[in-house]
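A.B. asks: Please read through the structure below; I'll follow up with questions.
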Amino acid sequence: MTNWNKNIYRSLIISSFLGIVVLILLGIGKTLSYLNTGADRSSMLHLALDKDQAYLPKVIWKDTINPGRPIEKQTLLDIEKDYLNAWYIRQVAYQTNWTSGIDDYYTNSAQQHIFKNLEANKQKDIIVKGTTTNHNLLLDFYSADGQLAVLTDKNVKEYQQIYQKDQLLLETEVQSDYQVMLLLEDGFWRIRHIVKEESQISKDTPQTDGFVKVIGTKIYVDNQEFQIKGINYYPQKSPWDMFGDDFDINVIAKDLDIMKTMSLNTIRIFVQYEDFGKAAVIIEKLQKLRQVLDQAEAKDLKVIVTLFDFYGDYSVLDWTLTHRHVEQIVSVFKNHKSILAWDIKNEPNLDFESRGQENVVAWLREMMLQIKQYDPNHLVTIGWSDIASASILQDEVDFVSFHYYQDIDVFEKAYNGLNAKINKPLVLQEFGVSSNLSLWSPFGVSEKKQAAYHKQFQEMIKTNTIHYLSWTLYDFEEVPTSVVGSLPWRKHKQKYFGFIDKAGNRKKAFEFAGN
Amino acid sequence: MSLERKHITFWLLIFLVCCIGFTTVLNTAQQVSAVLETKQKVFEAGDTIELNFKLNTPAKTQLFLHASFGSTVLESDTTRYTLPEFVSNKKGIIQYTLLHNSKAIVKGTIQVKANTTKPVQLESYVGPPSIIAGGTDYTMQVVVPTDIYDNTLPDSTAMQLKHQFLESEKEVGLYSKDMIGWLNIFSYRQSGRLLMSSKVRETASKEFSIEVFPSLPEDFQISSQRKHSYADGNQISEFITSVLKDEYGNIVSDGTLVEFKIKDKEGAILQTQSGTVNGQAIGKMLHPDHQDFWEVRAFVPGIAKSNVIQLEYASVLDDFEVQFFNDNREIVVGPLLSFMDQLIPDGAIVALKIKKDKSVETKIKSSSNGVVRFLLKEEFYPSGKYTIKIEALGVQKEFLQTLLK
Chain A
1 MTNWNKNIYR
11 SLIISSFLGI
21 VVLILLGIGK
31 TLSYLNTGAD
41 RSSMLHLALD
51 KDQAYLPKVI
61 WKDTINPGRP
71 IEKQTLLDIE
81 KDYLNAWYIR
91 QVAYQTNWTS
101 GIDDYYTNSA
111 QQHIFKNLEA
121 NKQKDIIVKG
131 TTTNHNLLLD
141 FYSADGQLAV
151 LTDKNVKEYQ
161 QIYQKDQLLL
171 ETEVQSDYQV
181 MLLLEDGFWR
191 IRHIVKEESQ
201 ISKDTPQTDG
211 FVKVIGTKIY
221 VDNQEFQIKG
231 INYYPQKSPW
241 DMFGDDFDIN
251 VIAKDLDIMK
261 TMSLNTIRIF
271 VQYEDFGKAA
281 VIIEKLQKLR
291 QVLDQAEAKD
301 LKVIVTLFDF
311 YGDYSVLDWT
321 LTHRHVEQIV
331 SVFKNHKSIL
341 AWDIKNEPNL
351 DFESRGQENV
361 VAWLREMMLQ
371 IKQYDPNHLV
381 TIGWSDIASA
391 SILQDEVDFV
401 SFHYYQDIDV
411 FEKAYNGLNA
421 KINKPLVLQE
431 FGVSSNLSLW
441 SPFGVSEKKQ
451 AAYHKQFQEM
461 IKTNTIHYLS
471 WTLYDFEEVP
481 TSVVGSLPWR
491 KHKQKYFGFI
501 DKAGNRKKAF
511 EFAGN
Chain B
1 MSLERKHITF
11 WLLIFLVCCI
21 GFTTVLNTAQ
31 QVSAVLETKQ
41 KVFEAGDTIE
51 LNFKLNTPAK
61 TQLFLHASFG
71 STVLESDTTR
81 YTLPEFVSNK
91 KGIIQYTLLH
101 NSKAIVKGTI
111 QVKANTTKPV
121 QLESYVGPPS
131 IIAGGTDYTM
141 QVVVPTDIYD
151 NTLPDSTAMQ
161 LKHQFLESEK
171 EVGLYSKDMI
181 GWLNIFSYRQ
191 SGRLLMSSKV
201 RETASKEFSI
211 EVFPSLPEDF
221 QISSQRKHSY
231 ADGNQISEFI
241 TSVLKDEYGN
251 IVSDGTLVEF
261 KIKDKEGAIL
271 QTQSGTVNGQ
281 AIGKMLHPDH
291 QDFWEVRAFV
301 PGIAKSNVIQ
311 LEYASVLDDF
321 EVQFFNDNRE
331 IVVGPLLSFM
341 DQLIPDGAIV
351 ALKIKKDKSV
361 ETKIKSSSNG
371 VVRFLLKEEF
381 YPSGKYTIKI
391 EALGVQKEFL
401 QTLLK
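These protein sequence lines map, in sequence, to chains A and B.
Position 57 (the first sequence) corresponds to 57 in the numbering used here; numbering is contiguous.
Position 81 (the second sequence) corresponds to 81 in the numbering used here; numbering is contiguous.
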């Protein structure tokens with residue numbers, strides 16, 4: 001017994017000795033490697049800086065003719081990049097009350113003015129979350145030695161949220177002109193002077209071609225009153241990934257034919273923010289989207305394109321990136337006859353809790369202006385997930401969209417209540433029921449009940465002449481985790497909303513998909 | 001039953017009280033309104049800016065400010081707000097918003113102008129720092145006058161820009177625009193140093209200088225200088241340029257590179273180069289070691305060229321002695337005698353070519369005390385008959401069928 005104890009002690013002593021040695025060696029190693037780190041000499045060349053532009057407001061050079069000397073294209077790009085970076089760094093500084101990076105983009109004397117302001121805000125616990133959405137630049141002067149430039153920045157739209165002690169104090173949008181002097185120092189164009197000036201408010205509303213329009217509570221297409229009779233659509237093999245590798249326009253064309261047989265006139269499809277390349281939209285994706293839109297036009301179907309699917313940032317500093325995203329998509333299709341409306345975001349009210357309602361609503365409001373700026377021809381809506389949220393931004397949207405998955409028996413009442421409140425067309429943008437009766441959900445809905453549900457809905461739609469789009473054409477084999485989470489019964493439910501089952505057979509509800 | 005009624009009345013009462021309470025709270029929130037009492041809308045940087053609001057009911061307010069360098073929020077227990085210096089000292093439009101319970105109740109703008117009463121501060125930027133004489137090249141003088149709060153002075157601020165060059169001193173009066181005043185100063189015909197300064201009101205700038213370099217050189221002349229005209233392979237010939245000047249007579253900058261190209265009688269090109277000092281460049285070249293004829297021309301590459309000069313080099317000897325020893329395996333060339341029959345200075349090149357059948361081997365040695373000695377070892381040159389050719393200072397001698405034992 002004593003022997004045993006001895007051995008235990010021995011092994012303990014030896015192992016702890018080894019452990020200490022290992023720790024000491026590790027410590028020495030870490031210290032040495034820490035001492036070896038430091039500024040890389042190549043960092044002096046600023047080569048690795050700003051690989052990704054994090055701030056992309058719309059910049060237009062209105063005029064670069066100046067009395068000093070003609071400016072080179074490259075210098076113009078450098079000035080633009082550094083000027084925007086200066087704005088970005090300043091926004092970050094005011095958001096964090098931290099001065100990091102200011103010295104790169106403001107000269108020594110200009111920095112002081114910012115520092116004093118930041119210090120005051122810090123003491124009062126004020127932070128300002130801001131962004132600018134556009135800059136219209138005029139070059140006033142560029143010096144002969146290429147080291148000094150003066151420019152005027154017209155009609156800069158600045159959006160700001162001011163927080164005090166984490167409470168939103170004020171949301172403000174300001175339009176200003178700025179005159180700016182920049183000096184080339186250490187390879188950076190740094191702001192030496194910036195002076196805010198009175199801005200002439202110019203409200204030139206973009207002209208719409210009027211092909212689709214809303215008058216009162218009615219939607220018109222080509223001067224004909226139009227009732228949306230539609231369906232939310234994903235191809236059966238690629239749900240929530242319509243424009244991915246499995247994209248096949250022939251499959252989609254066939255599906256569109258099926259919808260025609262269901263006497264539908266509209267489809268709703270989804271464009272994912274990341275999938276389409278975020279701020280730099282991928283051309284191939286746009287081409288795929290064009291193919292779908294062209295097919296829809298050929299088959300005389302209207303399309304509601306839902307943008308920003310799976311986007312969830314909404315932070316003020318991320319605005320400009322989403323603006324570039326939307327610009328590249330909607331400006332390409334602004335004359336496409338098949339598009340009925342841009343749906344900015346699917347069910348954004350579900351992000352209210354995690355991202356803050358004020359952030360989401362402010363983002364949507366600005367996005368609406370952005371879309372109208374690049375595409376005045378098509379309608380804009382927001383796909384709210386319930387009736388309660390539907391009145392948010394009702395004055396800004398062209399028509400109000402909402403989804404309804406609650407009790408079918410109280411729908412009419414809820415709908416009429418909303419209708420009385422809102423003076424715009426209402427679109428029931430999603431509704432449906434999953435025929436998920438199985439082991440996973442023993443109390444689920446059978447296909448027969450699903451048919452009855454759609455039948456009942458169609459009757460209500462008919463009596464009230466409601467714009468509708470049902471969910472969805474197909475039952476799906478797989479539902480990505482990002483859609484409804486990883487819980488198997490939720491996924492299972494999401495698979496059986498279709499009018500056509502996994503084997504391609506028409507379910508009982510099929511005949512009630514349209515009227 | 002009566003108890004229930006009592007209950008109902010009680011709850012109704014509470015409900016009523018609540019209703020009244022809430023409506024009053026709501027009403028006061030909606031009713032707060034204000035006007036700006038301060039009439040002044042335009043201030044000068046450095047002024048104390050006080051904004052005084054008049055509220056219809058006492059309420060707690062905050063003032064949001066949006067200015068050139070950023071935004072801030074002010075708090076005050078009264079309705080009087082004094083703008084902090086970092087706002088009131090900076091030129092530009094200031095937008096203010098008076099807030100009550102996060103609601104804007106008054107909005108407006110005031111303007112701060114640069115301070116024109118206190119002394120001016122000057123910043124000058126001059127460049128490029130060196131230009132070329134002749135009046136086509138120019139440097140730019142940019143003057144940025146600011147007030148003591150680092151605000152640029154308004155457009156149309158008068159300023160004097162001065163410069164001095166050699167005997168001339170000039171002063172140009174102009175008005176600022178877009179924050180700056182600027183002037184292009186073109187070079188004069190002479191090279192030299194150009195000094196600049198400026199003045200806005202009483203404030204004078206520092207002195208700035210730029211260098212005016214001479215323009216490009218014009219074509220020039222060269223001459224030669226040598227100790228004698230013999231091709232002794234020992235002395236050095238010098239080629240001397242005239243003073244290189246630009247079209248305005250300015251001596252070109254020291255260090256302007258001149259290339260000398262020499263063509264010998266066989267058409268081969270020799271080259272040497274030199275930088276100018278006080279406008280002159282001197283190229284040097286070793287004399288040839290055989291009779292030769294040189295044509296020399298100098299260039300500033302791509303810019304200017306000289307005339308061609310011709311030089312003749314005379315041979316120093318007509319013949320020399322060759323002695324064979326040790327079964328012809330030791331060959332002594334010399335003494336080599338130069339033009340006055342003196343022993344040629346050490347280092348004259350002598351080449352020996354040994355030919356057997358088709359193979360030729362060349363041995364090269366330089367003279368010492370006028371003599372060169374070649375040893376042909378048996379290990380390398382087995383016994384037999386060789387043709388031996390000796391070349392020195394342009395003279396060739398050939399010994400056919402020399403027997404090496």
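Glycine is no exception: its CB is placed at the ideal position from the N, C-alpha and C atoms.
#1: Which residues in the same chain have their Cβ closer than 6 Å to the Cβ of residue 370/B, if we skip the five residues on either side of it in sequence?
#2: Of all the CB atoms in chain B, is at least one closer than 7 Å to the CB of residue 185/A?
#3: Applying a beta-carbon distance threshold of less than 9 Å, which residues of chain B neighbour residue 193/A?
#4: For residue 411/A, which residues in the same chain have their Cβ closer than 7 Å to its Cβ, ignoring the five residues on either side in sequence?
#5: Suppose the cutoff is 6 Å on Cβ atoms and the five residues either side in sequence are ignored; what does the same chain contact list for residue 209/B look like?
#6: Between the alpha carbons of residue 373/A and residue 384/A, how many angstroms are there, rounded?
#7: Indicate whether residue 198/B and residue 144/B have their beta-carbon atoms separated by less than 7 Å.
#8: How about the region 214-226 of chain B and the region 165-184 of chain B: do they share at least three Cβ pairs that are nearer than 8 Å?
#9: Relative to the alpha-carbon of residue 63/B, which residue among 140/B, 45/B, 94/B has its alpha-carbon at the smallest distance?
#10: What is the DSSP secondary structure of residue 25/B, reduced to helix, strand or coil?
#11: Judging by CA-CA distance, which residue of 140/A, 10/A, 75/A, 454/A is the nearest neighbour of residue 63/A?
#12: By the 7 Å beta-carbon criterion, what residues does the region 141-165 of chain A contribute toward chain B?
#13: Is the CB of residue 43/B under 7 Å away from at least one CB in chain A?
#14: Note down, in chain order, all residues in the region 47-64 of chain B with a beta-carbon under 8 Å from any beta-carbon belonging to chain A.
#15: What are the partner residues of residue 136/A, as DSSP defines its beta bridges?
#16: Whole angstroms is fine: what's the gap from residue 230/B's alpha carbon to residue 347/B's?
#17: Taking beta-carbon pairs under 8 Å, can you tell me which members of the region 298-315 of chain A lie near chain B?
#18: Hey, quick one: how far does the beta strand (DSSP E) through residue 140/B stretch, first residue to last?
#19: Can you tell me whether residue 45/B is buried or exposed? The criterion is at least 16 other CB atoms within 10 Å of its CB, across all chains shown.
#20: In three-state DSSP terms, what is residue 4/A?
#21: Residue 34/A: buried (16+ other C-beta within 10 angstroms of its C-beta) or exposed?
#22: Of all the CB atoms in chain B, is at least one closer than 7 Å to the CB of residue 109/A?
#23: For residue 179/A, which residues in chain B fall below 8 Å Cβ to Cβ?
#24: Any heavy atom of the ligand NAD closer than 6 Å to the Cβ of residue 94/A?
#25: Which residues in chain B have a C-beta closer than 7 Å to the C-beta of residue 134/A? List them in chain order.
#26: Where does residue 268/A land, buried or exposed, given buried means 16+ other C-beta within 10 angstroms?
#27: Taking only runs of the beta strand (DSSP E) that begin and end inside the region 241-285 of chain B, which ones reach a length of at least 3 residues, in chain order?
#28: Can you find a CB in chain A that lies within less than 7 Å of the CB of residue 29/B?
#29: Under the three-state reduction of DSSP, which class applies to residue 477/A: helix, strand or coil?
#30: Over what stretch of residues does the alpha helix (DSSP H) that includes residue 104/A continue unbroken?
#31: Using 10 angstroms around the beta-carbon of residue 493/A, count the other beta-carbons present and answer buried if the total reaches 16, otherwise exposed.
#32: Less than 8 Å between the CB atoms is what I'm expecting for residue 279/B and residue 243/B, so what's the real figure, rounded?
#33: Is the beta carbon of residue 371/A closer than 7 Å to that of residue 427/A?
#34: Using 10 angstroms around the beta-carbon of residue 362/B, count the other beta-carbons present and answer buried if the total reaches 16, otherwise exposed.
#35: Classify residue 432/A as buried or exposed, calling it buried when 16 or more other Cβ atoms lie within 10 Å of its own Cβ.
#36: Can you check which of these residues, 161/A, 144/A, 247/A, is closest to residue 92/A by C-alpha distance?
C.D. replies: Taking the definition as stated:
#1: Shown here for residue 370/B: same chain residues with a beta carbon closer than 6 Å to its own, the five before and five after excluded, namely 334, 335, 336, 343, 344 in chain order.
#2: Residue 185/A does not count as touching chain B.
#3: Per Cβ cutoff of 9 Å: 68, 91, 144, 146, 150, 151, 152, 179.
#4: Cβ neighbours of residue 411/A beyond the five flanking positions: 404, 460.
#5: Within the same chain, residue 209/B has close Cβ partners 193, 195.
#6: Using only the alpha carbons, I get a separation of about 23 Å.
#7: Not in contact: residue 198/B and residue 144/B (Cβ atoms no closer than 7 Å).
#8: Three or more beta-carbon pairs separated by less than 8 Å are not found between the region 214-226 of chain B and the region 165-184 of chain B, which leaves the two stretches without contact.
#9: Nearest of 140/B, 45/B, 94/B to residue 63/B, Cα basis: 94/B.
#10: Any reading at residue 25/B is ruled out, since the residue's pLDDT is 45, under 50, leaving its predicted position unreliable.
#11: Closest option to residue 63/A, Cα to Cα, is 140/A.
#12: Hits within the stretch, in order: 141, 143, 144, 145, 147, 148, 150, 160, 162, 164.
#13: No - not a single Cβ of chain A is within 7 Å of the one on residue 43/B.
#14: The region 47-64 of chain B vs chain A, Cβ under 8 Å: 62, 64.
#15: In the DSSP assignment, residue 136/A forms a beta bridge with 60/A, 154/A.
#16: So the alpha carbons of these two residues sit roughly 16 Å apart.
#17: Those would be none; no residue qualifies.
#18: First-last of the beta strand (DSSP E) with residue 140/B: 138-146.
#19: So residue 45/B counts as buried.
#20: The answer is helix: DSSP assigns residue 4/A an H, G or I state.
#21: So residue 34/A ends up on the exposed side.
#22: Interface residue, yes.
#23: In chain order: 178, 179.
#24: The ligand NAD is not part of the structure shown, which contains no ligands of any sort.
#25: Going along chain B, no residue has its Cβ under 7 Å from residue 134/A, so there is no contact; the nearest lies around 17 Å.
#26: In this structure residue 268/A is buried. Its beta-carbon is surrounded by 16 or more other beta-carbon atoms within 10 angstroms.
#27: Restricted to the region 241-285 of chain B, the beta strand (DSSP E) segments that are unbroken, complete and at least 3 residues in length are 257-263, 269-275, listed in chain order.
#28: Caution is warranted here: a pLDDT of 46 is assigned to residue 29/B, below 50, making its placement in the model unreliable, and the coordinate value is therefore given only provisionally. For residue 29/B, the answer is no, since every Cβ of chain A falls outside 7 Å of its Cβ.
#29: DSSP, reduced to helix, strand and coil, places residue 477/A outside both helices and strands of the structure shown, so it counts as coil.
#30: Residue 104/A -> alpha helix (DSSP H) spans 102-105.
#31: Of the residues assessed, residue 493/A falls on the buried side of the cut-off, its CB having 16 or more other CB atoms within 10 angstroms.
#32: Indeed, because the Cβ distance is near 4 Å, the residues count as touching under 8 Å.
#33: No, the Cβ-Cβ distance between residue 427/A and residue 371/A is not below 7 Å.
#34: Burial call: exposed.
#35: Within 10 angstroms of the beta-carbon of residue 432/A lie 16 or more other beta-carbons, which makes it buried.
#36: Per the Cα distances, 161/A.
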